[in-house]
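Note sheet for the following structure.
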Amino acid sequence: MNITQTQLIRHLKKYQQVFMTASQLKTTDLPGLDIDKALVRVDNNENLLIDLLIDFSDNYTNSPEQILDYLSAPNELALKSLITLTHTIKGLSAGIGLLELSHLAAKIEAAAKQQNDIEIRNLQPDFKAAMQIAQNTINTVKTFKAPDAEKRAYTAEELATHLKTLQQHIDSDFSVVDETLKLLEEFNFDEESLLKFKVIKNSWKTFDTSTMRESLNEWLNT
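In this text, residue positions in the sequence shown follow the UniProt record's numbering: the first is 1, and each later residue adds one.
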């Protein structure tokens with residue numbers, strides 16, 4: 001069966017709706033989050049937005065301290081890391097509606113590129129405050145997330161079977177992919193495997209079957 005991109009998107013929109021939480025985000029006070037712009041970026045899929053906000057929080061909550069680390073011992077390598085960090089935060093936070101945080105990250109990135117440590121130091125407190133506001137909002141958003149399925153142990157053979165099933169049906173049978181992802185949600189992954197699974201799951205949610213296919217191949221070959 002030959003599947004077109006249009007058919008895939010149509011199916012996944014229906015798939016995503018099944019897992020959406022009740023529409024509470026628009027009626028809740030969420031400081032620092034432009035909910036309307038954020039929802040536009042994820043095609044009004046609230047559950048996907050919640051996942052993206054939580055992932056952002058998990059990875060970048062400590063970034064204000066990382067800026068201080070640079071200021072305490074500035075060097076060329078630390079400067080490059082700071083530029084990369086703030087550039088990444090600028091893009092990610094804008095994409096999920098944390099616009100003030102994105103604006104401040106952009107200003108710190110620009111100052112870092114000019115090696116203006118005084119400006120970076122002046123901006124860091126505002127950035128830290130914006131990150132704290134974002135973190136508080138994300139903590140509120142977490143309460144809207146559906147509870148995770150109960151996790152269980154699994155064998156390498158069981159995992160490989162499910163990954164191969166995804167490989168075989170990614171372009172032919174959407175319902176099989178949906179059900180297989182639900183089964184994998186129950187696995188008690190270690191940290192490394194959980195990151196791999198998140199890439200696969202989010203690729204499916206965002207219609208990126210190319211990334212999903214590459215990730216499956218890499219996982220099966222490790």
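Using N, Cα and C, we set each Cβ at its ideal position, and we do this for glycine too. What you are looking at is a predicted structure, and each value in this text was computed from that prediction instead of being measured.
Spatial distance of Ile-118 from Asn-75 (CA atoms):
In the sequence shown, counting from the first residue as 1, residue 118 sits at position 118. In the sequence shown, counting from the first residue as 1, residue 75 sits at position 75. Distance between the alpha carbons of Ile-118 and Asn-75: 15 Å.
Using DSSP's beta-bridge definition, name the partner residues of Arg-152.
The residue given as residue 152 occupies position 152 in the sequence shown. Beta-bridge pairing links Arg-152 to Phe-187.
Return the CA-CA distance between Phe-56 and Ser-172, expressed in angstroms with no decimal places.
Within the sequence shown, residue 56 is the residue found at index 56, counting from 1. Within the sequence shown, residue 172 is the residue found at index 172, counting from 1. Going from the Cα of Phe-56 to the Cα of Ser-172 covers about 32 Å.
Please work out which residues of its chain come closer than 6 Å, Cβ to Cβ, to Glu-218, disregarding the five sequence neighbours upstream and downstream, and give them in chain order.
Translated into the one-based positions of the sequence shown, residue 218 becomes position 218. For Glu-218, there are no CB contacts under 6 Å within the same chain when 5 residues up- and downstream are skipped.
Are the CB atoms of Ala-105 and Lys-90 nearer to each other than 7 Å?
Translated into positions along the sequence shown, residue 105 becomes position 105. Translated into positions along the sequence shown, residue 90 becomes position 90. Yes, they are a contact pair.
Of the residues Gly-97, Ser-193, Ala-110, Glu-191, the one placed nearest Val-40, counting alpha carbons only:
As a position in the sequence shown, residue 40 is number 40, starting the count at 1. Here the closest residue by C-alpha is Gly-97.
I'd like the span of the alpha helix (DSSP H) that includes Lys-145, first residue to last.
Position 145 of the sequence shown, counting from 1, holds the residue named residue 145. No alpha helix (DSSP H) contains Lys-145, which DSSP labels as neither H nor E.
Which of the three DSSP states, helix, strand or coil, is assigned to Pro-125?
Position 125 of the sequence shown, counted from the start, is the residue given in the question as residue 125. Secondary structure of Pro-125 (DSSP, three-state): helix.
Compute the Euclidean distance between the alpha carbons of Ile-50 and Val-141, then round it to the nearest angstrom.
On the sequence shown, position 50 is the one that residue 50 refers to. On the sequence shown, position 141 is the one that residue 141 refers to. Those two C-alpha atoms are separated by around 6 Å.
With distances taken Cα to Cα, identify the nearest neighbour of Pro-64 among Ser-210, Ala-130, Lys-196, Asn-221.
On the sequence shown, position 64 is the one that residue 64 refers to. It is Ala-130.
Restricting to Cα atoms, I'd like to know which of Ser-210, Ile-108, Glu-150, Thr-143 is closest to Gln-24.
On the sequence shown, residue 24 is found 24 positions in, with the first residue counted as 1. The residue with the shortest Cα to Cα distance from Gln-24 is Thr-143.
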